[in-house]
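J.:
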Amino acid sequence: MSEHLHECCVSAMPRIGDRAPSFKAITTQGEINFPEDYAGSWVILFSHPADFTPVCTTEFITFASMMDEFAKLNCKLLGLSIDSIYGHIAWLRTIKEKIEYRGMKDVEVNFPVIEDITMEVAKKYGMLQPGESTTKAVRAVFVIDPKGVIRAIIYYPLSVGRNFDEIKRLLIALQTTDAFGVATPADWRPGDDVIVPPPGSCGVAKERVESKREDMVCYDWFFCLKKLSKEEIFDRILKK
Numbered sequence: 556m557s558e559h560l561h562e563c564c565v566s567a568m569p570r571i572g573d574r575a576p577s578f579k580a581i582t583t584q585g586e587i588n589f590p591e592d593y594a595g596s597w598v599i600l601f602s603h604p605a606d607f608t609p610v611c612t613t614e615f616i617t618f619a620s621m622m623d624e625f626a627k628l629n630c631k632l633l634g635l636s637i638d639s640i641y642g643h644i645a646w647l648r649t650i651k652e653k654i655e656y657r658g659m660k661d662v663e664v665n666f667p668v669i670e671d672i673t674m675e676v677a678k679k680y681g682m683l684q685p686g687e688s689t690t691k692a693v694r695a696v697f698v699i700d701p702k703g704v705i706r707a708i709i710y711y712p713l714s715v716g717r718n719f720d721e722i723k724r725l726l727i728a729l730q731t732t733d734a735f736g737v738a739t740p741a742d743w744r745p746g747d748d749v750i751v752p753p754p755g756s757c758g759v760a761k762e763r764v765e766s767k768r769e770d771m772v773c774y775d776w777f778f779c780l781k782k783l784s785k786e787e788i789f790d791r792i793l794k795k
């Protein structure tokens, strides 16, 4: 691949903690101004390689079927591919009328799907990976918080479908760490113990190790777990 081709198709990928790059776009649900139109909501912005492709079809059916679950978590879905609005509309109609996957059928995709035939948005978000394709976006997932800040990024290759349970788990974990000032351990699920952030002084470290609190266990000064019930979490983070 020539240097010119590489440069025209690739731009710096935004990082965790960056402001989400802004853009205006036509979507299957009308024109949007991002991220301004989504202020106050979490957003999962995800790209797919192309319309009328089988892996993407299973992903869209799954996301559409989980849309209400994400809405309860104050999270909106926003899809993208390097296809025209007419291609999007025809594909989404086909999904509803003809496709069944894991018992899910007659599924209507009501979240916006961005038209990006100019690749403008895909380039801003580093969704083009020349080692995979110069004309198709890889399966990128950006979790963006209500202030428009990128909080998590997951990238999948063209051939591998995403794990949607993990995407939802990640969103809940981010909301939990924000709401309760904790961290979540490996394979954490709501209701599991959470991690108390390491202490900032020797005095606090000693106090923690010697603590007899019933809701917290310290194995060493830097490693303390405490209980946080599923009910507490969802009472705090679910959109009423």
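Per the numbering used here, the sequence shown starts with residue 556, numbered consecutively. Idealized CB from N, CA, C, for every residue including glycine.
In three-state terms, what does DSSP make of ASP673?
T.: Along the sequence shown, read from residue 1 onward, the residue named residue 673 stands at position 118. What sits at residue 673 in the sequence shown is Thr, not Asp. THR673: coil per DSSP, three-state reduction.
J.: Measure the C-alpha to C-alpha separation of TYR680 and ILE640 and round it to an integer number of angstroms.
T.: Start at 1 with the first residue of the sequence shown, and residue 680 comes out as number 125. Start at 1 with the first residue of the sequence shown, and residue 640 comes out as number 85. Using only the alpha carbons, I get a separation of about 20 angstroms.
J.: Sort out for me which residues DSSP pairs TRP646 with in a bridge.
T.: Position 91 of the sequence shown, counting from 1, holds the residue named residue 646. The partner list for TRP646 (beta bridge, DSSP) is empty, contrary to what the question assumes.
J.: So which of ALA738, GLU591, ILE650 and PHE666 has the shortest CA-CA distance to CYS779?
T.: The count along the sequence shown starts at 1 and reaches residue 779 at position 224. Comparing Cα positions, the closest option is ALA738.
J.: Assess, as a yes-or-no matter, whether the segment 714 to 723 is touched by the segment 577 to 587 under the definition of 3 or more beta carbon pairs within less than 8 angstroms.
T.: Touching, no, given that fewer than three Cβ pairs across the two stretches are closer than 8 angstroms.
J.: Nearest-angstrom Cα distance between THR731 and LEU793?
T.: Residue 731 sits at position 176 when you count from the first residue of the sequence shown. Residue 793 sits at position 238 when you count from the first residue of the sequence shown. If I take the Cα positions, the gap works out to 11 angstroms.
J.: Take TYR711 as the anchor and find which of LEU725, VAL696, VAL704 and GLY703 has the nearest alpha-carbon.
T.: Here residue 711 refers to the residue found at position 156 when the sequence shown is read from its first residue. Nearest C-alpha to TYR711: VAL696.
J.: Quick one, which of VAL704, ILE788, ASP748 and PRO740 has its alpha-carbon nearest ILE727's?
T.: Against the sequence shown, residue 727 aligns to sequence position 172. It is ILE788.
J.: DSSP three-state call for ARG706: helix, strand or coil?
T.: By 1-based counting over the sequence shown, the position of residue 706 is 151. Looking at ARG706 - three-state DSSP - the assignment turns out to be strand.
J.: Going by DSSP, what residue range makes up the alpha helix (DSSP H) through ARG724?
T.: Taking the sequence shown and counting its residues from 1, one reaches residue 724 at position 169. Segment 719 to 735, the alpha helix (DSSP H) holding ARG724.
J.: Per the DSSP calculation, TYR711 is bridged to which residue(s)?
T.: Along the sequence shown, read from residue 1 onward, the residue named residue 711 stands at position 156. Looking at the DSSP assignment, TYR711 forms a beta bridge with ARG694.
J.: Relative to the C-alpha of ASP523, which candidate in PRO754, ALA605 and LEU725 has its C-alpha closest?
T.: Nothing in the structure corresponds to residue 523, since the chain is present only between 556 and 795.
J.: What residues in its chain sit with their C-beta under 6 angstroms from that of GLY572, if we drop five residues either side in the sequence?
T.: As a first step, residue 572 must be located in the sequence shown, where it is residue number 17. Cβ within range, chain order: n/a, list empty.
J.: Once the 5 residues before and after LYS660 are set aside, which same chain residues still bring their CB inside 8 angstroms of it?
T.: Position 105 of the sequence shown holds residue 660. ILE654.
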